[in-house]
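Chains A and B supply the protein sequences, listed in that same order. If you read the first sequence in this note's numbering, its first letter stands for residue 854, the second for the next number, and so on. If you read the second sequence in this note's numbering, its first letter stands for residue -2, the second for the next number, and so on. All C-beta atoms, glycine included, are put in the ideal place defined by N, C-alpha and C. If you're wondering where the values come from, they're calculated on a predicted model, not measured in any experiment. Working notes for the structure below.
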Amino acid sequence: GAVVSQHPSWVICKSGTSVKIECRSLDFQATTMFWYRQFPKQSLMLMATSNEGSKATYEQGVEKDKFLINHASLTLSTLTVTSAHPEDSSFYICSARYPGEGAFFGQGTRLTVV
Amino acid sequence: DQQVKQNSPSLSVQEGRISILNCDYTNSMFDYFLWYKKYPAEGPTFLISISSIKDKNEDGRFTVFLNKSAKHLSLHIVPSQPGDSAVYFCAASEDPGFGNEKLTFGTGTRLTIIP
């Protein structure tokens, strides 16, 4: 199946700093990618839809100034958690829809803010 | 408001037997349904999907059944194998076609296959 690569797999950062997470579609072009967040023992919650060449669409309750999304090319979307706080610690996952098949997900990024 | 629900947080099944995972939804606009398998600290892996125009889709050991009138779908795994032990998420989308769509996930069911 299609491959979506997410980097880094895990990151620890200090409160107040910013962290960038990359999501790449390795063997196909993705005009749209999605960013999800998963809290422990909970479902994946959609944070935002990332559209290549335009502004991301954020779900209700997600702070767009805190979670900056940039979809600069057909194979790369980035999520930047700005001014990170401990409550931002979570598992972040991106996905891209491969036409004709199900959505493919990256490996996820475990963010820990200390 | 949980639009996709998996009411069984966990399920244990003997190896070789059938595993049946259930999922209910409330949004009648959902038109496409998917099942994912997820290990801890990894992204979900796509298993199988079904369009609302079908009531069954089969792929190897995995079969998904859709009862649209009951807003219910189920994933059958037979025979169950130890490697099937994972958390399974069902997901739904309002987009029946390809391209842009966002998924609404259920809360997951942890499946444990007993050797």
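- Contact annotation: Ser90 of chain B and Tyr36 of chain B have beta-carbon atoms that are not nearer than 8 Å.
- As the crow flies, the alpha-carbon of Ile874 of chain A is around 37 Å from that of Ile50 of chain B.
- Within 10 angstroms of the beta-carbon of Lys99 of chain B lie 16 or more other beta-carbons, which makes it buried.
- Chain-ordered, the chain A residues with CB closer than 7 Å to the CB of Gly103 of chain B read Ser896.
- Taking the CA atoms as reference points, Ser942 of chain A sits about 13 Å from Thr870 of chain A.
- Residues of the segment 20 to 47 of chain B with a C-beta atom less than 7 Å from some C-beta of chain A are Leu31, Ala38, Glu39, Gly40, Pro41, Phe43 and Ser46, listed in chain order.
- Contacts between Gly959 of chain A and chain B, judged by CB atoms closer than 7 Å, involve Gly40 in chain order.
- If you draw a straight line from the Cα of Thr884 of chain A to the Cα of Ile17 of chain B, it comes to about 35 Å.
- Listed along chain B, no residue sits closer than 7 Å to Arg877 of chain A by beta-carbon distance, the nearest being about 13 Å off.
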